[in-house]
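Numbering (UniProt numbering), first residue to last: 1 to 547.
Worksheet: the structure to be examined is printed underneath.
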């Protein structure tokens with residue numbers, strides 16, 4: 001929480017409602033390793049590590065829907081109610097986005113989803129213009145005060161998490177059918193790192209029984225029950241009904257506060273991979289591993305194809321070669337990726353972009369077209385910027401995803417400029433300074449393309465149990481993974497954005513038994529750098545300055 005807890009609890013809301021249920025989410029990144037420590041316990045002093053620093057910046061955006069009239073965006077019929085068992089019509093999506101059709105939902109026309117999200121926004125940080133949307137986020141591209149596009153560089157512009165407002169889901173008078181969501185955007189600065197999400201200081205209370213609750217057969221537990229994990233009480237034994245009736249879903253998000261499946265976002269992906277002489281050895285191996293991990297991560301059914309996606313592979317050195325035309329066959333794509341071995345001379349990104357763009361021109365009109373460019377340096381043949389602009393002008397590329405591997409200033413500038421050309425506005429440049437982290441860099445591509453990945457879902461109790469942490473015992477909670485669909489745990493690359501969504505909903509068949517119930521908890525994040533660590537978390541011994 002902030003130093004002024006009362007201020008955090010009095011954030012203005014669209015509705016002022018009487019108390020029935022309270023769910024609290026706070027302390028994003030607070031005191032849980034906003035700067036991380038080395039496994040050999042380098043002393044942490046004056047907010048910097050003597051042997052290097054790992055910073056974690058956090059921003060967030062929260063939404064809440066109570067099915068009120070101000071959420072009726074667009075024309076008549078653009079927002080409709082769905083009965084149990086009913087799926088949304090073609091051209092619409094259902095909310096809550098994690099819920100299946102065994103609960104009533106709301107259908108929103110696809111072209112009104114952004115407006116619906118703006119209408120249901122309740123708070124965000126940073127939010128300089130006060131519109132309840134995260135500055136520079138998907139739904140807030142323009143500063144309302146200056147009417148200019150946001151230009152936000154998180155690692156440079158965002159305050160430390162301890163100085164940033166906390167998201168607080170304080171839902172008074174939660175009615176059956178209400179739902180909401182908060183997405184946290186985590187930005188690793190300086191060094192690659194492991195990440196954990198954790199829930200601590202979990203508190204629950206029955207707050208007495210109303211007459212309807214006493215008469216409800218689903219009501220259990222004493223009227224005066226209250227507990228707190230900070231006091232040593234067991235969440236597993238708690239009988240407060242809201243813990244089990246409220247449903248929740250924690251997922252890796254792509255930054256839009258919606259749980260998307262691959263079918264929501266079919267894509268054509270054209271890999272452009274550096275095969276020049278400077279890529280030999282670890283760089284080439286990590287590139288092969290990372291690109292193949294993306295392909296395997298997109299094979300959701302483990303049936304040897306990446307449908308509904310397609311991919312192509314182009315390599316470049318002194319020349320450029322199409323190793324594999326567009327296909328959804330995993331084996332063919334892996335064979336093409338294996339051609340990267342670092343023996344192809346110079347760096348001709350220009351021709352490779354042209355070949356890759358020709359492949360993307362064959363993609364269906366209704367899919368996202370993404371060009372993934374990995375290079376170990378600046379071009380020394382041709383003009384890659386002009387080549388990338390040509391593909392944009394031809395309508396062949398929606399988004400450039402670029403990775404610089406020890407590419408130097410000129411290479412980094414080139415790849416950043418290409419990413420900035422993305423018509424979608426979602427271009428990404430990742431600066432990889434350690435070849436061992438190339439594979440992890442591809443993990444963000446999976447998050448952007450492959451649909452969101454569920455981490456845990458079920459009752460609120462289920463989600464909190466998965467997130468529970470005990471730092472005093474070296475337990476930092478739920479370990480996050482750059483490649484959640486593959487074996488092992490991968491680090492997140494510095495300069496990458498990691499999005500974590502938490503959605504909740506109260507089904508319509510529950511009401512009386514949760515009257516007066518409250519659940520509150522702190523949601524935080526912890527990070528430690530990859531080098532010299534194994535992702536098991538620090539031990540419990542305190543180092544100087546540790547919170």
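Note that the Cβ used here is the ideal one computed from N, Cα and C, for glycine as well.
| Asked | Found |
| --- | --- |
| With residue 432 and residue 419 assumed to form a contact (beta carbons below 8 Å), what rounded beta-carbon distance in angstroms separates them? | Not confirmed; about 14 Å, so no contact. |
| So is residue 91 buried or exposed if we call it buried at 16+ other beta carbons inside 10 Å? | exposed |
| Nearest by alpha-carbon distance to residue 423: which of 271, 371 and 114 is it? | 371 |
| Within its chain, find whatever has a CB closer than 6 Å to the CB of residue 195; leave out the 5 residues flanking it on each side and keep chain order. | 480, 492 and 527 |
| Mind checking which residues open and close the alpha helix (DSSP H) that includes residue 175? | Run containing residue 175: none; DSSP gives neither H nor E here. |
| Buried or exposed, going by whether 16 or more other CB atoms sit within 10 Å of the CB of residue 449? | buried |
| Near residue 95, which residues of its chain fall below 7 Å by C-beta distance, leaving aside the five closest residues on each side in sequence? | 65, 105, 106, 108 and 179 |
| Assign residue 489 to one of three DSSP states: helix, strand, or coil. | coil |
| Closer than 8 Å is the cut-off here; do at least three beta carbon pairs connect the stretch 55-63 with the stretch 129-141? | yes |
| How would you label residue 97, buried or exposed, when you count the other beta carbons within 10 angstroms and need 16 or more for buried? | buried |
| So, with DSSP's three-state summary, where would you put residue 234? | coil |
| Could you tell me which residues DSSP pairs with residue 405 in its beta bridges? | 432 |
| Thinking just about the alpha-carbon of each residue, which of 532, 533, 521 and 525 is nearest to the one in residue 203? | 521 |
| Provide the residue(s) that pair with residue 65 in DSSP beta bridges, ordered along the chain. | 179 |
| Find out if the Cβ-Cβ distance for the pair residue 185, residue 498 is shorter than 9 Å. | yes |
| Looking only at its own chain, which residues have a Cβ that is under 6 Å from the Cβ of residue 531, when we skip the five neighbours before and after it? | none |
| Quick check on DSSP: helix, strand or coil for residue 548? | The structure shown does not extend to residue 548, since the chain is modelled only from 1 through 547, so no value can be given for it. |
| Quick check: what's the CA-CA separation for residue 187 versus residue 462? | 27 Å |
| Can you list, in chain order, the stretches of the beta strand (DSSP E) that have 3 or more residues and sit fully within the stretch 331-380? | 368-375 |
| Do residue 296 and residue 319 have their beta-carbon atoms positioned less than 9 Å apart in this structure? | no |
| Looking at C-alpha atoms only, which residue of 359, 344 and 354 is the closest neighbour of residue 324? | 359 |
| In angstroms with no decimal places, state the Cα-to-Cα distance between residue 383 and residue 392. | 15 Å |
| Which of helix, strand or coil does DSSP assign to residue 41? | Its pLDDT being 25, under 50, residue 41 is placed unreliably in this model, and the coordinates cannot settle the point. |
| Hey, how far is the Cα of residue 258 from the Cα of residue 251? | 10 Å |
| Please list the terminal residues of the continuous beta strand (DSSP E) segment that includes residue 198. | 193-205 |
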